[in-house]
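Note sheet for the following structure.
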Amino acid sequence: MTHTKLASIALVLLLVTLACATEAPAAPVAEAQQQAPAEAPSGPPRSFHLGFTPFPYAISGEAVQYVYDRIAEDADLIAHHFDNGVPWPEALTRQKYSDHLINDWNFRKANTPAGHKVYVAITPINIWRDDLALYWGSEEGLPVPAPWDSYSFNHPDVKTAYLNHAANVVEHFAPDYLNIGIESNLLAHGNPAEWPAYLELHQFVYTELKARYPDLTVLASVSAQPLLEGYNHEYDHASQLQALNELMPYSDIYGISIYPYLTKYLAEPYPQDMWSNLFSLNDKPIAITETGYPAQEFTVTNENITISSTSEKQAAYIQDVINQADANQLEFVINFVLRDYDDLYNEIYAQGDLDIVEIAILWRDTGLYDENGIPRPAWDIWQTALSRRFQELP
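Given below as structure tokens:
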């Protein structure tokens with residue numbers, strides 16, 4: 001299954017779900033979901049934060065508010081993930097952003113739980129990871145307007161606009177962590193000719209941000225699967241390692257996006273040395289910027305692939321992630337989806353685009369709550385870790 005297909009559905013999901021965010025009314029949490037966190041065990045303190053994105057399970061204000069309410073209880077970090085465009089011309093000339101963007105930002109900020117760490121991810125790369133990010137104007141995900149559609153990543157206007165945009169994000173959200181390049185290494189695969197220009201942009205923005213905000217943790221994240229030799233055969237392993245090594249000097253954290261079931265191993269056991277092989281590639285502090293694992297079996301018909309997962313396999317994966325976070329003193333772990341989005345999936349299915357449906361299913365069942373809001377076994381593991389006292393590393 002190709003990266004382009006994955007990107008296409010990710011964009012669709014972003015567009016159909018973010019659209020309802022600013023209209024979300026306050027909604028009480030259903031009785032079935034009001035489970036108290038597990039009692040604090042006599043285990044050691046944890047050095048890592050645990051978080052989710054507010055990705056909703058349905059196209060409704062109630063679903064949006066539900067996820068924020070659960071993040072307040074089930075996490076100590078919230079991840080605002082913006083992979084849906086950049087207001088390029090407005091950022092360049094410091095014009096006011098569109099009401100659509102400002103309303104979304106204000107809603108997110110107002111619903112960010114007090115006391116939670118804040119992680120914000122933005123990117124100048126489009127969701128297909130092969131060119132400049134789309135345009136966020138009157139809505140997100142619009143075509144890049146002229147003359148921006150002809151610019152390389154290192155064009156002076158792109159560099160100025162993206163730096164201004166990143167600074168606006170910092171001023172608005174006051175994040176603890178700012179990711180300025182989501183899964184950046186994929187550009188080296190999707191459009192290798194543009195990689196040097198992107199690297200110039202990234203180095204410029206990182207350096208300027210660190211000068212302005214020296215205490216802010218600034219990073220770029222990478223997709224893990226291409227960095228693990230033989231896990232996905234479509235990637236050139238050597239060029240991916242080179243991209244990582246060129247990127248990491250300009251990143252405070254080695255941020256990893258990882259979905260092991262989207263490799264040749266599917267939902268079967270992955271190699272025991274997966275984590276050690278991955279973590280040994282760089283010596284920066286490590287964070288898992290996004291991850292997930294399905295709790296149900298599903299089939300991608302067009303690809304003739306069945307991923308035979310279960311809630312037990314999901315729980316084992318989450319336990320493995322927690323164990324790795326402890327053993328390697330990770331900064332944080334973000335499970336992208338909090339609750340299964342069957343309702344959203346059914347809405348997409350009703351629109352009749354079967355190609356999109358077949359890709360949407362890939363993350364549908366990766367929530368720690370099922371589609372009815374019932375916690376899964378992985379939720380208990382997550383809560384046990386969350387209930388441990390957080391202690392900053394010396």
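Numbering (the working numbering), first residue to last: 1 to 394. Glycine included, C-beta positions come from ideal geometry on N, C-alpha and C.
Original post:
Sorted by chain position, which residues of the same chain lie with C-beta nearer than 6 Å to residue 371's C-beta, five sequence neighbours on each side aside?
Top reply: 340, 342
**OP:** Just mark residue 354 as buried or exposed, buried being the case when its beta carbon has 16 or more other beta carbons within 10 Å.
**Re:** exposed
Original post:
Can you tell me where the beta strand (DSSP E) with residue 317 in it begins and where it stops?
Top reply: Run containing residue 317: none in the beta strand (DSSP E); it sits in the alpha helix (DSSP H), 311 to 327.
Subject >> beta strand (DSSP E) runs contained entirely in the segment 284 to 312, provided each spans 3 or more residues >> reply: 286 to 291, 298 to 300, 305 to 307
**OP:** Count the other C-beta atoms from every protein chain shown that fall within 10 angstroms of the C-beta of residue 278, then say buried if there are 16 or more, exposed otherwise.
**Re:** buried
Original post:
From residue 287 to residue 52, what distance separates their C-alpha atoms?
Top reply: 13 Å
Original post:
Mind checking whether residue 376 and residue 316 have CB atoms under 7 Å apart?
Top reply: With contacts defined as CB atoms closer than 7 Å, residue 376 and residue 316 fail to qualify as a contacting pair.
Subject >> As assigned by DSSP and simplified to three states, the class of residue 233 >> reply: coil
Original post:
Taking the beta strand (DSSP E) that residue 221 falls in, what are its first and last residues?
Top reply: 217 to 223
Original post:
Could one say the Cβ of residue 65 lies closer than 7 Å to chain B's Cβ atoms, at least one of them?
Top reply: In the structure shown, chain B does not exist; there is a single protein chain.
Original post:
Between 217, 218, 244, which lies nearest to residue 225 when the distance is taken from Cα to Cα?
Top reply: 244
Original post:
Hey, residue 98 and residue 152 are a contact pair by Cβ (cut 8 Å); roughly how many whole angstroms apart?
Top reply: At roughly 25 Å, the Cβ-Cβ gap does not stay under 8 Å, so residue 98 and residue 152 are not in contact.
**OP:** Name the two residues that bound the continuous beta strand (DSSP E) containing residue 144.
**Re:** Counting along the chain, residue 144 falls outside any beta strand (DSSP E), and DSSP gives it neither H nor E.
**OP:** Kindly identify the DSSP beta-bridge partner or partners of residue 393.
**Re:** Answer is none; residue 393 lacks a bridge partner.
Subject >> Cβ-heavy atom distance, residue 50 to the ligand HEM, below 6 Å >> reply: Here there are no bound small molecules, and the ligand HEM is not part of this structure.
Original post:
Can we say the segment 223 to 239 touches the segment 173 to 180, given the rule of at least three CB pairs closer than 8 Å?
Top reply: no
Original post:
With respect to the alpha helix (DSSP H) encompassing residue 255, which residues constitute its N-terminal and C-terminal limits?
Top reply: Looking at the DSSP string, residue 255 is not in any alpha helix (DSSP H); the run it does join, the beta strand (DSSP E), is 254 to 258.
Original post:
If you drop the 5 nearest sequence neighbours on each side, which residues of the same chain put their C-beta closer than 6 Å to that of residue 395?
Top reply: Given a span of 1 to 394 for the chain in the structure shown, any question on residue 395 remains unanswerable.
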